[in-house]
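Line by line, the protein sequences give chains A and B.
Using UniProt numbering, you'd call the opening residue of the first sequence number 1 and step up by one each time.
Using UniProt numbering, you'd call the opening residue of the second sequence number 1 and step up by one each time.
Ideal Cβ placement from N, Cα and C applies to all residues, glycine included.
Just so you know, these numbers come straight off a predicted model, no measurement behind them.
Presented below is the structure to which this report refers.
Protein chains: 2
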Amino acid sequence: MDAVQIDQVRRFNRTVTERVGVLHDNYLGRDRPFGAARLLWEIGERGQDIRALRERLGLDSGYVSRLLRSLESDGLVTVEPQARDRRVRTVRLTDAGRAERAALDGRSDELAVSLLEPLNAAQRGRLVAAMAEVDRLLTAATVTLEVVDPGHTDAEHCLRSYFAELGERFDSGFDPALSLLPDAGELRPPRGLFLVARLHGEPVGCAGLKLPVGAPAEIKRMWVAPHARRLGLGRRFLADLEARAARHGRDVLRLDTNKALAAAIGLYHSCGFQEVAAFNDEPYAHHWFEKRITAPSPG
Amino acid sequence: MDAVQIDQVRRFNRTVTERVGVLHDNYLGRDRPFGAARLLWEIGERGQDIRALRERLGLDSGYVSRLLRSLESDGLVTVEPQARDRRVRTVRLTDAGRAERAALDGRSDELAVSLLEPLNAAQRGRLVAAMAEVDRLLTAATVTLEVVDPGHTDAEHCLRSYFAELGERFDSGFDPALSLLPDAGELRPPRGLFLVARLHGEPVGCAGLKLPVGAPAEIKRMWVAPHARRLGLGRRFLADLEARAARHGRDVLRLDTNKALAAAIGLYHSCGFQEVAAFNDEPYAHHWFEKRITAPSPG
DNA sequence: CCGGTTCTCTGACTAGAGTCAGAGAATGGA
DNA sequence: TCCATTCTCTGACTCTAGTCAGAGAACCGG
Chain A
1 MDAVQIDQVR RFNRTVTERV GVLHDNYLGR DRPFGAARLL WEIGERGQDI
51 RALRERLGLD SGYVSRLLRS LESDGLVTVE PQARDRRVRT VRLTDAGRAE
101 RAALDGRSDE LAVSLLEPLN AAQRGRLVAA MAEVDRLLTA ATVTLEVVDP
151 GHTDAEHCLR SYFAELGERF DSGFDPALSL LPDAGELRPP RGLFLVARLH
201 GEPVGCAGLK LPVGAPAEIK RMWVAPHARR LGLGRRFLAD LEARAARHGR
251 DVLRLDTNKA LAAAIGLYHS CGFQEVAAFN DEPYAHHWFE KRITAPSPG
Chain B
1 MDAVQIDQVR RFNRTVTERV GVLHDNYLGR DRPFGAARLL WEIGERGQDI
51 RALRERLGLD SGYVSRLLRS LESDGLVTVE PQARDRRVRT VRLTDAGRAE
101 RAALDGRSDE LAVSLLEPLN AAQRGRLVAA MAEVDRLLTA ATVTLEVVDP
151 GHTDAEHCLR SYFAELGERF DSGFDPALSL LPDAGELRPP RGLFLVARLH
201 GEPVGCAGLK LPVGAPAEIK RMWVAPHARR LGLGRRFLAD LEARAARHGR
251 DVLRLDTNKA LAAAIGLYHS CGFQEVAAFN DEPYAHHWFE KRITAPSPG
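Below is the structure:
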């Protein structure tokens, strides 16, 4: 990888951890140990089950219990057993807790202000834009792709969202029964595969690949959750599936799509797909694309 | 301040501290406590006096001593009294220490790579560019301006560097004796003032303001250290001095400059200065500038 | 050469952030 | 109904990262 880039990333890490880190500690950990403040924050306005808190923060159950005791004795939270399952306990903020949380919030704002303060308006604009870009791309880099069974909860969640969205966007609506849907077996080894993208553990996109014997590979059911768009995830799915298809010895990759999906059509063009004549009679398709692919170089 | 901007800064802080922070701990603190690793790093190839280490890292002397003992017992450093002053002790890396430091370096690289890895080439380019921008602007925001006496060490350091640079850049060289230099008293209250800019405690620029009675204020000896350029520091000096001149009741600010200082001339234009006829007979000046200024609004 | 200062070290302490091994209630399934 | 499991809590630890108060050696100015 490019040494100049690595160097810049390291310089960035140093500057940011110094500047943001130091202020972070100064502002947020002022009265209360950091762990307790974090917990207070995570409980949120609506309360949380202790197990959910533990999971989200990745903390030991004993540790969380102790932190909660200290918040409780300061009168910031109440802990009560859940009605349906009295083993599980729910934490809620008291009014004092809500006030404390708002104070934390205010300090977060102060921190942000103190970073912008010394700059003039033009510099502020540029800093904020650059931060947004870094934020977006680091988020993109934390998205993971994984091959799962199309029957997996996360896969089904994505597919439901996908069909719902098609129903909204197609002029004609979308009825799965009328479409040439591959049966699940076609997206399951050895006849194909199914990818799910996850961000912080939540499914945020999917894409299927059909690998019919002696025929071009075909992409089906590619979808990216609205809040995960603009992260280059579509492009990443295409690149990943293309590599997999090539590894399975296919030299052509194809797909069909609906005219309502303008962004997707743009993506296919920009990723090197050529529009071709219809290669199936999918009733919801208006465009058919194809791309010649080559085997990945070994290593 | 703009709430949208504050919000973006907060989102940035969250993403970066999570993503970079977690990896940072994973990679860098692997075998050795973080404090020891930091110390090992700061000792550097050429060794350091203990007091310098302490100062730079801002640590308690007892704590540093203990950390050094542990590094010493691991065979990574040697500590010896300085020849000239046997109270002061100098730490040097052993071969093993050098190797350990190189390993830390390698992990820093790995961290950087792991942030870039999941991205494609275009995204990497954009991420690195945005990181450079954030880095540059956060650095700019940590620069402080302070009024000091022109006889202060930091002021003198800046002035020496300034004269040296003029000597190199002017076609004719630069001889302070031939120039219309204000005597130090003119850049000292009540007749004027002198600003020094500092980054992490090091002086990185200066600017003087003459406030002659019943005459326009005048900027003299503005200089920014080469490694602190492109941080908007020149613009910041001008804005600061302009506000100070206005607070002292002046409504015109002026300055002269040499044709070799193209960047400065560009800056003056872009900050609203107009070129005017010579208002003095400074032998090294080719351009004279003036700007009408207004009293800052109260508050 | 004496007294104050500088520099480093040691010992004794603290707070934060966890980990680990049960104990004891509540629940769910056979 | 009973047994395994789930969930939370308690007590007993650990490791980092410090802080604070001297002690003792080395140095410096008068």
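- Quick one, are the C-beta atoms of arginine 54 (chain B) and serine 61 (chain B) less than 8 Å apart? Reading the second sequence from its first residue, position 54 is the one you call residue 54 (chain B). Reading the second sequence from its first residue, position 61 is the one you call residue 61 (chain B). Contact flag set, yes.
- Message: Is aspartate 154 (chain B) close to the ligand GTP? I mean its beta-carbon at under 7 Å from any heavy atom of the ligand.
- Response: The ligand GTP is absent from the structure shown, which contains no ligands of any kind.
- Among A:Lys220, A:Asp251 and A:Val128, the one whose alpha carbon lies nearest that of alanine 285 (chain A): The residue labelled residue 285 (chain A) in the question sits at position 285 within the first sequence. Of the listed residues, the one whose Cα sits closest to alanine 285 (chain A) is A:Lys220.
- Would valine 77 (chain A) pass as a contact of glycine 106 (chain A) if the rule is Cβ separation under 8 Å? Residue 77 (chain A) sits at position 77 when you count from the first residue of the first sequence. Residue 106 (chain A) sits at position 106 when you count from the first residue of the first sequence. Cβ atoms of valine 77 (chain A) and glycine 106 (chain A): not closer than 8 Å.
- Message: For leucine 231 (chain A), which residues in the same chain have their Cβ closer than 7 Å to its Cβ, ignoring the five residues on either side in sequence?
- Response: The residue you call residue 231 (chain A) lines up with position 231 of the first sequence. Counting only Cβ-Cβ distances below 7 Å, and skipping sequence neighbours, we find Arg136, Thr139, Ala140 and Val143.
- So what does arginine 89 (chain A) bridge to, in DSSP terms? To locate residue 89 (chain A), count along the first sequence from 1; it is residue 89. According to DSSP, which records beta bridges pairwise, arginine 89 (chain A) is partnered with A:Pro81.
- Examine chain A for any beta-carbon lying closer than 8 Å to the beta-carbon of methionine 131 (chain B), and answer yes or no. By 1-based counting over the second sequence, the position of residue 131 (chain B) is 131. Yes, because at least one Cβ of chain A sits closer than 8 Å to the Cβ of methionine 131 (chain B).
- Task: Compute the Euclidean distance between the alpha carbons of glycine 214 (chain A) and aspartate 251 (chain A), then round it to the nearest angstrom.
- Result: For this step, residue 214 (chain A) is matched to residue 214 along the first sequence. For this step, residue 251 (chain A) is matched to residue 251 along the first sequence. Taking the straight line joining both Cα atoms gives about 10 Å.
- Item | Run of the alpha helix (DSSP H) containing isoleucine 50 (chain B), from where it starts to where it stops | Position 50 of the second sequence, counted from the start, is the residue given in the question as residue 50 (chain B). Element bounds for isoleucine 50 (chain B): 50 to 57.
- Item | valine 204 (chain A) vs alanine 155 (chain A) beta-carbon contact at 8 Å | The sequence position of residue 204 (chain A) within the first sequence is 204, counting from 1. The sequence position of residue 155 (chain A) within the first sequence is 155, counting from 1. Cβ atoms of valine 204 (chain A) and alanine 155 (chain A): not closer than 8 Å.
- With DSSP collapsed to three states, give me the class of leucine 209 (chain A). In the first sequence, counting from the first residue as 1, residue 209 (chain A) sits at position 209. DSSP places leucine 209 (chain A) in the strand class (E or B) of the three-state scheme.
- Query: Going by the beta-carbon positions, is the gap between residue 300 (chain B) and arginine 124 (chain A) smaller than 8 Å?
  - Reply: Lying before the first or after the last residue shown, residue 300 (chain B) is absent from chain B, which here runs from 1 to 299.
- Query: Applying the criterion that 16 or more other CB atoms from any shown protein chain within 10 Å of the CB defines a buried residue, is valine 113 (chain A) buried or exposed?
  - Reply: Numbered from its first residue, the first sequence carries residue 113 (chain A) at position 113. Using a 10 angstroms sphere on the CB of valine 113 (chain A), the tally of other CB atoms stays under 16, which defines it as exposed.
- Task: Could you tell me whether any Cβ in chain B is nearer than 8 Å to the Cβ of methionine 1 (chain A)?
- Result: On the first sequence, position 1 is the one that residue 1 (chain A) refers to. Chain B, which has a Cβ nearer than 8 Å to the Cβ of methionine 1 (chain A), makes this yes.
- Task: Go ahead and pull the three-state DSSP assignment for isoleucine 219 (chain B).
- Result: If you number the second sequence from 1, residue 219 (chain B) lands on position 219. Here isoleucine 219 (chain B) sits in strand by DSSP.
- Message: Please state the DSSP three-state secondary structure of histidine 200 (chain A).
- Response: Taking the first residue of the first sequence as 1, we reach residue 200 (chain A) at position 200. Looking at histidine 200 (chain A) - three-state DSSP - the assignment turns out to be coil, as it is neither helix nor strand.
- Item | Cβ separation of leucine 57 (chain B) and glutamate 42 (chain B), assumed to be a contact under 8 Å, to the nearest whole Å | Reading the second sequence from its first residue, position 57 is the one you call residue 57 (chain B). Reading the second sequence from its first residue, position 42 is the one you call residue 42 (chain B). Contact holds; Cβ gap of about 6 Å.
- Item | Length at least 4, wholly inside the segment 121 to 150 of chain B: the alpha helix (DSSP H) runs in chain order | 121 to 142, all fully within the segment 121 to 150 of chain B.
- Item | Neighbour list for arginine 235 (chain A) in chain B, Cβ cutoff strictly below 8 Å | Start at 1 with the first residue of the first sequence, and residue 235 (chain A) comes out as number 235. In chain order, Asn120 make up the part of chain B whose C-beta sits under 8 Å from the C-beta of arginine 235 (chain A).
- Message: By alpha-carbon positions, which one of B:Leu211, B:Leu233 and B:Met222 ends up nearest to arginine 244 (chain B)?
- Response: Locating residue 244 (chain B) in the second sequence gives position 244, where the first residue counts as 1. Of B:Leu211, B:Leu233 and B:Met222, the residue nearest in Cα terms is B:Leu211.
- Message: Looking at leucine 199 (chain A): is its Cβ nearer than 8 Å to the Cβ of alanine 164 (chain A)?
- Response: Indexing the first sequence from 1 puts residue 199 (chain A) at position 199. Indexing the first sequence from 1 puts residue 164 (chain A) at position 164. Not in contact: leucine 199 (chain A) and alanine 164 (chain A) (Cβ atoms no closer than 8 Å).
- Task: Given a cut-off of 8 Å, decide if phenylalanine 170 (chain B) and asparagine 280 (chain B) are closer than it, judged by their beta-carbon atoms.
- Result: Here residue 280 (chain B) is taken as the residue at index 280 of the second sequence, counted from 1. Here residue 170 (chain B) is taken as the residue at index 170 of the second sequence, counted from 1. Taking 8 Å as the Cβ cut-off, asparagine 280 (chain B) and phenylalanine 170 (chain B) do not qualify as a contacting pair.
- Query: Between leucine 267 (chain B) and cysteine 206 (chain B), is the Cβ-Cβ spacing less than 8 Å?
  - Reply: If you number the second sequence from 1, residue 267 (chain B) lands on position 267. If you number the second sequence from 1, residue 206 (chain B) lands on position 206. Remark: C-beta atoms of leucine 267 (chain B) and cysteine 206 (chain B) do not approach each other more closely than 8 Å.
- Query: So, glutamine 82 (chain A) versus valine 91 (chain A), is the Cβ gap smaller than 8 Å?
  - Reply: Here residue 82 (chain A) refers to the residue found at position 82 when the first sequence is read from its first residue. Here residue 91 (chain A) refers to the residue found at position 91 when the first sequence is read from its first residue. Not a contact, by the Cβ cut-off of 8 Å.
- Endpoints, the beta strand (DSSP E) within which histidine 287 (chain A) is located: Walking along the first sequence from the start, residue 287 (chain A) turns up at place 287. Where histidine 287 (chain A) is concerned, the enclosing beta strand (DSSP E) starts and stops at 287 to 292.
- Query: alpha helix (DSSP H) containing valine 20 (chain B): first to last residue?
  - Reply: In the second sequence, residue 20 (chain B) corresponds to position 20, counting from 1. Following the DSSP letters along the chain, one finds valine 20 (chain B) in no alpha helix (DSSP H), marked with neither H nor E.
- Just the Cα atoms here: how many angstroms apart are phenylalanine 289 (chain B) and valine 134 (chain A)? Your numbering for residue 289 (chain B) matches position 289 in the second sequence. Your numbering for residue 134 (chain A) matches position 134 in the first sequence. Looking at the two C-alpha atoms, the distance is approximately 40 Å.
- Task: Give the straight-line distance between the Cα atoms of threonine 94 (chain B) and proline 33 (chain B), rounded to the nearest whole angstrom.
- Result: The residue labelled residue 94 (chain B) in the question sits at position 94 within the second sequence. The residue labelled residue 33 (chain B) in the question sits at position 33 within the second sequence. When rounded, the distance between both Cα atoms is 19 Å.
- What residues from the segment 10 to 39 of chain A come within 8 Å of chain B, judged by C-beta to C-beta, listed N to C? Residues of the segment 10 to 39 of chain A with a C-beta less than 8 Å from any C-beta of chain B: Arg10, Arg11, Phe12, Asn13, Thr15, Val16, Thr17, Arg19, Val20, Gly21 and His24, listed in chain order.
- Query: Got a sec, what are the start and stop residues for the alpha helix (DSSP H) threonine 257 (chain A) sits in?
  - Reply: Locating residue 257 (chain A) in the first sequence gives position 257, where the first residue counts as 1. It is not in any alpha helix (DSSP H) - threonine 257 (chain A) instead sits in the beta strand (DSSP E) that spans 252 to 257.
- Message: Let me make sure I understand the geometry here. Which of B:Gly173, B:Phe12 and B:Val22 has the alpha-carbon closest to that of valine 20 (chain A)?
- Response: Numbered from 1 along the first sequence, position 20 holds the residue referred to as residue 20 (chain A). For the options B:Gly173, B:Phe12 and B:Val22, the alpha carbon positioned closest to that of valine 20 (chain A) is the one of B:Phe12.
- Using a Cβ cut-off of 9 Å, pull out every chain B residue sitting near glycine 232 (chain A), in sequence order please. In the first sequence, residue 232 (chain A) corresponds to position 232, counting from 1. Correct list: Leu119, Asn120, Ala122 and Gln123.
- May I ask you to list, following chain order, the residues of the segment 78 to 111 of chain A that have a beta carbon less than 9 Å from some beta carbon of chain B? Going along the segment 78 to 111 of chain A in chain order, one finds Ser108, Asp109 and Leu111 with a Cβ nearer than 9 Å to chain B.
- Message: Checking the sheet assignment: what are the DSSP bridge partners for leucine 195 (chain A)?
- Response: In the first sequence, counting from the first residue as 1, residue 195 (chain A) sits at position 195. DSSP lists A:Val147 and A:Ala207 as partners of leucine 195 (chain A).
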